[in-house]
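S.K.: The listed protein sequences derive, respectively, from chains Z and P.
Each residue of the first sequence is one higher than the last, beginning at 709 in our numbering.
Each residue of the second sequence is one higher than the last, beginning at 709 in our numbering.
Glycine residues also receive a C-beta, built at the ideal position from the N, C-alpha and C atoms.
Here it is: the structure, laid out below.
There are 2 protein chains.
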Amino acid sequence: MPRTVDERSVKEKILDAAGDVFGRMGYKAATIREICRVAGVNVASINYYFGGKEDLYRTVVMDLISRIFDRYPIDAGIDSLSSPGGRLRAFIHGALRRLLSPDGLSGYPGKGQLVARELADPSPFMDDMVNEFIRPTAAVLSAIISELLGTGATIKDIMRCQISVIGQCFHYAMARPIVTRLVAVDFSDPTIIDELTDHITRFSLAGIESVRHTIHAANDQPLDATPVKGEPQ
Amino acid sequence: MPRTVDERSVKEKILDAAGDVFGRMGYKAATIREICRVAGVNVASINYYFGGKEDLYRTVVMDLISRIFDRYPIDAGIDSLSSPGGRLRAFIHGALRRLLSPDGLSGYPGKGQLVARELADPSPFMDDMVNEFIRPTAAVLSAIISELLGTGATIKDIMRCQISVIGQCFHYAMARPIVTRLVAVDFSDPTIIDELTDHITRFSLAGIESVRHTIHAANDQPLDATPVKGEPQ
DNA sequence: TTTCGATTTAAACGCTTGTTTAAAACATTT
DNA sequence: AAATGTTTTAAACAAGCGTTTAAATCGAAA
């Protein structure tokens, strides 16, 4: 237990520094000496307060994600909306805020990369993360899309549309090193989340609607063989 | 230079093993002792043939990507098609083959993760990769989308649609650890690339068309404030 | 002031890393 | 068969890692 006001600060300084260093370097390349240098504490502090490097990492990742989902809950404003389109919009808005907010997962460079790194290179406790945070999130989106697709939609249909929606959101966070290299995107612009919400919602609603049409039109024609190659009009 | 048939095999055995180990563990966590153990060669071989760990990594990544883009060129069958929708389909097909083919970037687990890892944690030579491979690819897609959006589309419009299309493709490769945890996707099924091409093309063409409508309808109404919240019908 | 538990510190520990070395093994040429 | 240049090998190297240790430092209670 901490004694003075500075004590809790030591633990927090380590957590902050660890988030940055782990995010920038990855678990293996990050050294506790570098973390302690950034935090301005002694190297033994990490073992004293957290027991070791691995436990520190687990704490950092879990704390970060928990805090984000506390601040931007999965179903924020979703239940209150009656139209599935509005709910899709609320979902996309929430996902983008979790991914792109400066106080969110993407305080780039640093903490935000932790998530991208976990995706590319899952930790042993990735399963906990999936079960606790991602699975409930996916369930909410799945319900919305299922409603938009209407009866007749298979699990495959729902799943693919789900990935189409999430993929658009994630790409901004995941491929940020590439996106920023290719085009000038000002991620610090506070209006960008709203703008992207507009775009992705519009894009996705049309995409889902198009899939819905093919489902209802598929009753009389085969599905396996050579698929539709032409564009709509 | 190699003397016998086995000699070229040593270099290739190292390259193969390095692709697997680097992909599974990441650059830092991968040890040359593990790579050599997998390859069945002496630890000194890597320095003898490649000069060191870093040069080996660079060679592995560049070789892998070059080979993929040789096998699945950016504009495969795109120029021959007259309709922009058909060209979009060809582009998506190519992107998915590069990302998901078993002989492609995604010989999962292993080499495929190298790409995801490079996205989340770019190497010093990420700039070379972007300039040589990604920028030309993005240019092709940009031209197709520009044509689909028609006159009046801003660079922002084109860019966002571009990311919407690429994001869908990449998500299968990037978030594979999560996707496979959530739903049963058989990535070894040879027809999956064609199926996903169908879905993403259909989804994207409708999305782009929807964006096109808003562009042409935006001449008389403001764009900033509260955006469309309702769903299509 | 003295005492005592909690924190901070500098130094050291054992271990693994990438790399180097010098000798052995090999295939080919003279 | 002897000589030559190339490849393979086991062993060693210095450097850096996470972790431990034991002493120093600190703040509050007695």
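Using alpha carbons as the reference points, say which of P:Y765, P:S788 and P:V751 lies closest to P:F730.
M.R.: Closest by alpha carbon: P:Y765.
S.K.: If we require 4 or more residues per run, which alpha helix (DSSP H) segments fall completely within the segment 738-785 of chain P?
M.R.: Qualifying alpha helix (DSSP H) stretches, in chain order: 740-747, 752-758 and 761-779.
S.K.: P:Y735 to P:I786, Cα distance in whole Å?
M.R.: Roughly 36 Å separates the two Cα atoms.
S.K.: Take the Cβ of Z:Q941 as the centre, count every other Cβ of all protein chains shown within 10 Å, and call the residue buried at 16 or more, exposed below.
M.R.: Legend: pLDDT at Z:Q941 = 35, less than 50; position of this residue unreliable, value from coordinates given subsequently. The residue is exposed, with fewer than 16 neighbouring Cβ atoms inside 10 Å.
S.K.: Do the segment 889-902 of chain P and the segment 792-812 of chain P touch if we need at least three Cβ pairs shorter than 8 Å?
M.R.: The segment 889-902 of chain P, when compared against the segment 792-812 of chain P, does touch it at the 8 Å Cβ threshold.
S.K.: What are the boundary residues of the alpha helix (DSSP H) that includes Z:P792?
M.R.: Its alpha helix (DSSP H) spans residues P792 to L808.
S.K.: How would you call P:K864, buried or exposed, if buried means at least 16 neighbouring beta carbons within 10 angstroms?
M.R.: Under this definition P:K864 is an exposed residue.
S.K.: Can you round the beta-carbon distance between Z:I754 and Z:I722 to whole angstroms, since I take them to be within the 8 Å contact cut?
M.R.: Contact holds; Cβ gap of about 6 Å.
S.K.: Considering Z:I874, what are the terminal residues of the alpha helix (DSSP H) in which it resides?
M.R.: Segment I863 to M882, the alpha helix (DSSP H) holding Z:I874.
S.K.: For P:P830, return the contacting residues in chain Z, with the cut-off set at a CB-CB distance below 7 Å.
M.R.: In chain order: P885.
S.K.: Cβ of Z:K736 less than 7 Å from any chain P Cβ?
M.R.: Chain P contact via Cβ: present.
S.K.: Contact criterion: CB-CB distance below 7 Å. Does Z:I776 meet it with respect to chain P?
M.R.: No, no contact with chain P.
S.K.: Indicate whether the contact test is met: 3 or more Cβ pairs, each with one atom in the segment 837-850 of chain Z and one in the segment 744-751 of chain P, closer than 8 Å.
M.R.: No, the segment 837-850 of chain Z is not in contact with the segment 744-751 of chain P.
S.K.: What's the call for P:D906, buried or exposed, on a 16-neighbour Cβ count within 10 Å?
M.R.: Buried.
S.K.: So which residues on chain P does Z:S799 lean against when the C-beta distance must stay under 7 Å?
M.R.: For the sequence presented, residue 799 of chain Z should be read as Phe rather than Ser. Per Cβ cutoff of 7 Å: no residues; Z:F799 is ~13 Å from chain P at best.
S.K.: At 9 Å on the CB atoms, spell out the chain Z contacts of P:Y880, in chain order.
M.R.: Within chain Z, the residues near P:Y880 are I871 and G875.
S.K.: How about Z:F911: is its C-beta nearer than 7 Å to some C-beta of chain P?
M.R.: Chain P contact via Cβ: present.
S.K.: How far does the alpha helix (DSSP H) with P:F895 in it extend, from its first residue to its last?
M.R.: That residue, P:F895, is in no alpha helix (DSSP H); it is neither H nor E in DSSP.
S.K.: Please list, in chain order, the residues of the segment 845-865 of chain Z that have any C-beta partner in chain P closer than 9 Å.
M.R.: Answer in chain order: A846, L856, I863, K864 and D865.
S.K.: Which residues, in chain order, does the segment 889-918 of chain P contribute to contact with chain Z at a C-beta distance below 9 Å?
M.R.: So the list reads R889, L890, V891, V893, T899, D902, E903, L904, T905, D906, H907, I908, T909, R910, F911, S912, L913, A914, G915, I916, E917 and S918, given in the order they occur along the chain.
S.K.: Is the beta carbon of Z:P830 less than 7 Å from the beta carbon of P:P830?
M.R.: Cβ atoms of Z:P830 and P:P830: not closer than 7 Å.
S.K.: Quick one: what does DSSP say Z:E736 is sitting in, helix, strand or coil?
M.R.: Contrary to the premise, residue 736 of chain Z reads as Lys rather than Glu in this sequence. Looking at Z:K736 - three-state DSSP - the assignment turns out to be coil, as it is neither helix nor strand.
S.K.: Between the segment 854-868 of chain P and the segment 843-863 of chain Z, do three or more beta carbon pairs fall short of 8 Å?
M.R.: With the cut-off at 8 Å, the segment 854-868 of chain P and the segment 843-863 of chain Z do not touch.
S.K.: Straight-line CA distance for P:V893 to Z:D763?
M.R.: Taking the straight line from one Cα to the other gives about 32 Å.
S.K.: Can you name the start and end residues of the alpha helix (DSSP H) that P:D787 belongs to?
M.R.: Careful: P:D787 lies outside any alpha helix (DSSP H) and carries neither H nor E.
S.K.: For Z:A861 versus P:S918, is the C-beta spacing smaller than 7 Å?
M.R.: No; because the gap between Cβ atoms is not below 7 Å, this pair is not in contact.
S.K.: I want to see whether chain P comes within less than 7 Å of Z:A824, judged by CB atoms only; does it?
M.R.: So, interface residue.
S.K.: In its own chain, which residues sit with a C-beta less than 6 Å from the C-beta of P:Q821, not counting the 5 before and 5 after it?
M.R.: Hits under 6 Å: G731.
S.K.: Under 7 Å, Cβ to Cβ, is there at least one residue of chain Z near P:V838?
M.R.: Closer than 7 Å: yes.
S.K.: Cutting at 7 Å between CB atoms, please list the residues of its own chain near Z:C744, excluding the five before and the five after it.
M.R.: Only N750, V751, S753 and I754 meet the Cβ criterion.
S.K.: Return the CA-CA distance between P:H922 and P:R889, expressed in angstroms with no decimal places.
M.R.: Checking the displayed sequence, the identity of residue 922 of chain P turns out to be Thr instead of His. In a straight line, the C-alpha of P:T922 is about 37 Å away from that of P:R889.
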